[in-house]
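In what follows, a single structure is set out as structure tokens and then discussed.
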Amino acid sequence: MESNQTYPTVTGPLSPSETAMLEVLVPGYGFISRILMSYLNIDINAYIQLVVAMAVFAASFRYIYNQASARFSQYFVSRAEIRLDDEIFNYLMYWISRQSHMKQTNRFVAGIKSNGYWSDDEESDAGDENEWDKLDDDGKLASFDECWEKVLSRDKYKTLRFTPAQGCHYFWYRNRPLMLERQRQEGSARWVLNNERLYLSCFGRDPTILKMLLAEAQQAYVERDGNLTVIYRGQRPCATSPYDWYRGMARLPRPLSTVILDQEQKQSFIDDIKEYLHPRTRRWYSNRGIPYRRGYLFHGPPGTGKTSLCFAAAGLLGLKLYLLNLNSTALDEDGLASLFAVLPRRCIVLLEDIDAAGITNTRGKTIVSTPEPTIDEIIPGEADGEADATVVPDASAKGGVTLSGLLNVIDGVAASEGRILVMTTNHADKLDPALLRPGRVDMTINFGYTSEADIKEMFISIYNTTKNDIRRAKRPRTASNGSAKSSAKSITGERRNSEDSQVGDKEDPLQDALQSHQSRISRLADEFAAIVPSGELTAAEIQGYLLNHKDIPEVAIQGAPEWMQSTLEKKRAREEKEKFS
Ligand SMILES: Nc1ncnc2c1ncn2[C@@H]1O[C@H](COP(=O)(O)OP(=O)(O)OP(=O)(O)O)[C@@H](O)[C@H]1O
12 MESNQTYPTV
22 TGPLSPSETA
32 MLEVLVPGYG
42 FISRILMSYL
52 NIDINAYIQL
62 VVAMAVFAAS
72 FRYIYNQASA
82 RFSQYFVSRA
92 EIRLDDEIFN
102 YLMYWISRQS
112 HMKQTNRFVA
122 GIKSNGYWSD
132 DEESDAGDEN
142 EWDKLDDDGK
152 LASFDECWEK
162 VLSRDKYKTL
172 RFTPAQGCHY
182 FWYRNRPLML
192 ERQRQEGSAR
202 WVLNNERLYL
212 SCFGRDPTIL
222 KMLLAEAQQA
232 YVERDGNLTV
242 IYRGQRPCAT
252 SPYDWYRGMA
262 RLPRPLSTVI
272 LDQEQKQSFI
282 DDIKEYLHPR
292 TRRWYSNRGI
302 PYRRGYLFHG
312 PPGTGKTSLC
322 FAAAGLLGLK
332 LYLLNLNSTA
342 LDEDGLASLF
352 AVLPRRCIVL
362 LEDIDAAGIT
372 NTRGKTIVST
382 PEPTIDEIIP
392 GEADGEADAT
402 VVPDASAKGG
412 VTLSGLLNVI
422 DGVAASEGRI
432 LVMTTNHADK
442 LDPALLRPGR
452 VDMTINFGYT
462 SEADIKEMFI
472 SIYNTTKNDI
482 RRAKRPRTAS
492 NGSAKSSAKS
502 ITGERRNSED
512 SQVGDKEDPL
522 QDALQSHQSR
532 ISRLADEFAA
542 IVPSGELTAA
552 EIQGYLLNHK
562 DIPEVAIQGA
572 PEWMQSTLEK
582 KRAREEKEKF
592 S
């Protein structure tokens, strides 16, 4: 029997069941096809097979292309992967940002912010001096205002840096075509910083060219630092990231001679470190089953040179300085352990003010903290804050590092070897004896108030002249006012270079003038030391005063009695207050 059933109005090469299937696969298909039919008289069913065929072809082509390119890459392309959390990422970015071909790319990331691979500090300092030099070279003694105007306008226009944006970039390196790919790590959240990867690729199965490029990038990066002391800080960029060491500033090394301390103590500290770092020492330790570590404790009142000595030692030995603030609540024992685990083979780790961090207690108690400092905060010699940490009995409640956690990373079974640990404190007597036992602290240096000899030495080091101070004194200057001020200014202006050689070179044409300057300064130093009582002030206090009169030592001496009196009065008042509180 024939059925009277009516089919939908859609007609064409597709059967109703096929159309129904399409409706399932492409919701709204029937509706759209009816609209097209009624208004435009187009029957899309007539083209559907063509469309499907094209889609199948495109999908197959894509699949084949992907497979072919994967096979091609596998057999004919070498590729290096560089991860953001590795320092080599900085090497490569630094190198790239200085390549002319990379500057020409039309997809790039522009930035001015200093980071691991761009640090403008040194360039800016050198630039400032150049401005001054240019004005001086015109034959006139540059005035501050003239120079400052130029420096300020330079500061307004920070250097723009460009690095390739995400995606592929092609370039030639040593006559070979290479590809650089910048990628976000798949599956990572956008706000997570630690998720970038770089891929370097070249044709052929031999990756030598890539390794050469990476070695060149490393060399460029390392040479940029030259003899600067590089400071790393243990922190994390955001709350979800793990703790890691982040490169902070790179500073000119501080000459050891500028740290005023008993010569014998200073020398035995340096000799001890040198002995420890000697290539044979590691084996000596391991042959005897002794963990290869060395710890130092610097203690004394604030501003007596603890940080300065550590910084100077790092500069002298060309070691990187790793700074860690134990006061952070966010830093737990795992974070601490992971930071110590990734320390390089040779470095100095500086834990400042450990008494403030709460290591004044017995094991199991927690160090509680102040907010985390920023990465750029550390300037050796300027750290003076006493963290207002408190100690709470429950380690789990607030986070933070326990004393036993600290002891574990210092010399636990899994503790890292090779590093030099320096801890500083203002109150050694408050520290737990466990922290001070040999193996954890192998040498203790006491920093005290200045003696008469220290005061003289400080005075001389501030007013005397180093070769670097007069590197620009290529022509005799006529002093603008003929006063002691102008003569002092011309030879004491700059104290920023690493060499601390005092002038006295036989061939130096300025030798006579400088020698008489030196003997004058040494005479004035005696006068100053006669005014300032020994054992009363810290080096920082004396330095602070002398810096207020850095151009005219005579004026410093004139004002010294009054300054001494007011400083001592304030000190006594503070001590009285502390006694009663
Ligand atoms: N012994 C010293 N020799 C030379 N300069 C010193 C000395 N002590 C302090 N200074 C000067 O005082 C400033 C502070 O010094 P530094 O940070 O080294 O002191 P500190 O003992 O580490 O202080 P704190 O305990 O507060 O951390 C620096 O600018 C440094 O140049």
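Note that the numbering used here gives residue 401 to position 390 of the sequence shown, counting from 1, and the numbers run on in steps of one. Even for Gly, the Cβ is constructed at its ideal location relative to N, Cα and C.
Given a cut-off of 8 Å on the beta-carbon distance, is the pair residue i and residue j in contact?
| i | j | result |
| --- | --- | --- |
| residue 244 | residue 334 | yes |
| residue 561 | residue 471 | no |
| residue 326 | residue 265 | yes |
| residue 332 | residue 359 | yes |
| residue 550 | residue 461 | yes |
| residue 91 | residue 188 | no |
| residue 532 | residue 469 | no |
| residue 318 | residue 435 | yes |
| residue 433 | residue 321 | yes |
| residue 195 | residue 177 | yes |
| residue 221 | residue 191 | no |
| residue 540 | residue 466 | yes |
| residue 161 | residue 123 | no |
| residue 267 | residue 281 | yes |
| residue 95 | residue 206 | yes |
| residue 304 | residue 443 | no |
| residue 418 | residue 439 | no |
| residue 337 | residue 362 | yes |
So, under 8 Å CB-CB, residue i and residue j are touching, yes? Tell me the CB distance rounded to an integer number of Å.
| i | j | result |
| --- | --- | --- |
| residue 459 | residue 311 | 6 Å |
| residue 173 | residue 119 | 5 Å |
| residue 426 | residue 309 | Contact flag wrong, Cβ pair sits at about 21 Å. |
| residue 270 | residue 316 | 5 Å |
| residue 288 | residue 328 | 7 Å |
| residue 453 | residue 570 | In fact, because the Cβ distance is near 43 Å, the residues do not count as touching under 8 Å. |
| residue 55 | residue 61 | Actually they do not touch by this definition, with Cβ atoms about 10 Å apart. |
| residue 215 | residue 83 | Not a contact, Cβ separation roughly 12 Å. |
| residue 113 | residue 182 | 7 Å |
If we count the other Cβ atoms within 10 Å of its Cβ and call it buried at 16 or more, is residue i buried or exposed?
| i | result |
| --- | --- |
| residue 175 | buried |
| residue 180 | buried |
| residue 514 | Only weak support exists for where residue 514 lies, its pLDDT of 46 falling under 50; the coordinates are left without a value. |
| residue 277 | buried |
| residue 30 | buried |
| residue 591 | exposed |
| residue 40 | buried |
| residue 528 | buried |
| residue 455 | exposed |
| residue 171 | exposed |
| residue 576 | exposed |
| residue 260 | buried |
| residue 6 | Because the chain spans 12 through 592 in this model, residue 6 falls outside it and cannot be assessed. |
| residue 416 | buried |
| residue 290 | exposed |
| residue 249 | exposed |
| residue 115 | exposed |
| residue 79 | exposed |
| residue 564 | buried |
| residue 536 | buried |
| residue 382 | Because the pLDDT at residue 382 is just 44, under 50, the model does not fix this residue reliably, and the value given afterwards should be weighed accordingly. Residue 382 should be labelled exposed. |
Start and end of the beta strand (DSSP E) containing residue i?
| i | result |
| --- | --- |
| residue 266 | No beta strand (DSSP E) holds residue 266; DSSP gives it neither H nor E. |
| residue 218 | Neither: residue 218 is in no beta strand (DSSP E) and is coded neither H nor E. |
| residue 78 | Residue 78 -> not in any beta strand (DSSP E); alpha helix (DSSP H) instead, spanning 56 to 87. |
| residue 2 | Not covered by the structure: residue 2. The range shown for the chain is 12 to 592. |
| residue 436 | 431 to 436 |
| residue 240 | 240 to 246 |
| residue 272 | No beta strand (DSSP E) contains residue 272, which DSSP labels as neither H nor E. |
| residue 190 | 187 to 195 |
| residue 359 | 359 to 362 |
Could you spell out where the alpha helix (DSSP H) holding residue i opens and where it closes?
| i | result |
| --- | --- |
| residue 180 | First-last for residue 180: 178 to 184, but that is the beta strand (DSSP E), not the alpha helix (DSSP H). |
| residue 573 | 564 to 591 |
| residue 534 | 522 to 542 |
| residue 457 | No alpha helix (DSSP H) holds residue 457; the beta strand (DSSP E) holding it covers 454 to 457. |
| residue 175 | Taken as a continuous stretch (DSSP letters only), residue 175 belongs to no alpha helix (DSSP H), being part of the beta strand (DSSP E) at 172 to 175. |
| residue 45 | 40 to 46 |
| residue 163 | 155 to 167 |
Does residue i have its Cβ less than 8 Å from a Cβ in chain D?
| i | result |
| --- | --- |
| residue 451 | The structure shown contains no chain D; it holds only a single protein chain. |
Looking at ligand 3, does it come within less than 7 Å of residue i, judged from the CB to the closest heavy atom?
| i | result |
| --- | --- |
| residue 550 | Annotation note on ligand 3: not contained in the displayed structure, which lists ligand 1 as its ligands. |
Quick check: the stretch 298 to 307 against the stretch 211 to 228, are there 3 or more CB pairs under 8 Å? The answer is no - the stretch 211 to 228 does not touch the stretch 298 to 307, with fewer than three Cβ pairs under 8 Å.
Can you find at least 3 beta carbon pairs, one from the stretch 242 to 259 and one from the stretch 338 to 355, that sit closer than 8 Å? yes
Within 8 Å, do at least three Cβ pairs link the stretch 102 to 113 to the stretch 232 to 241? yes
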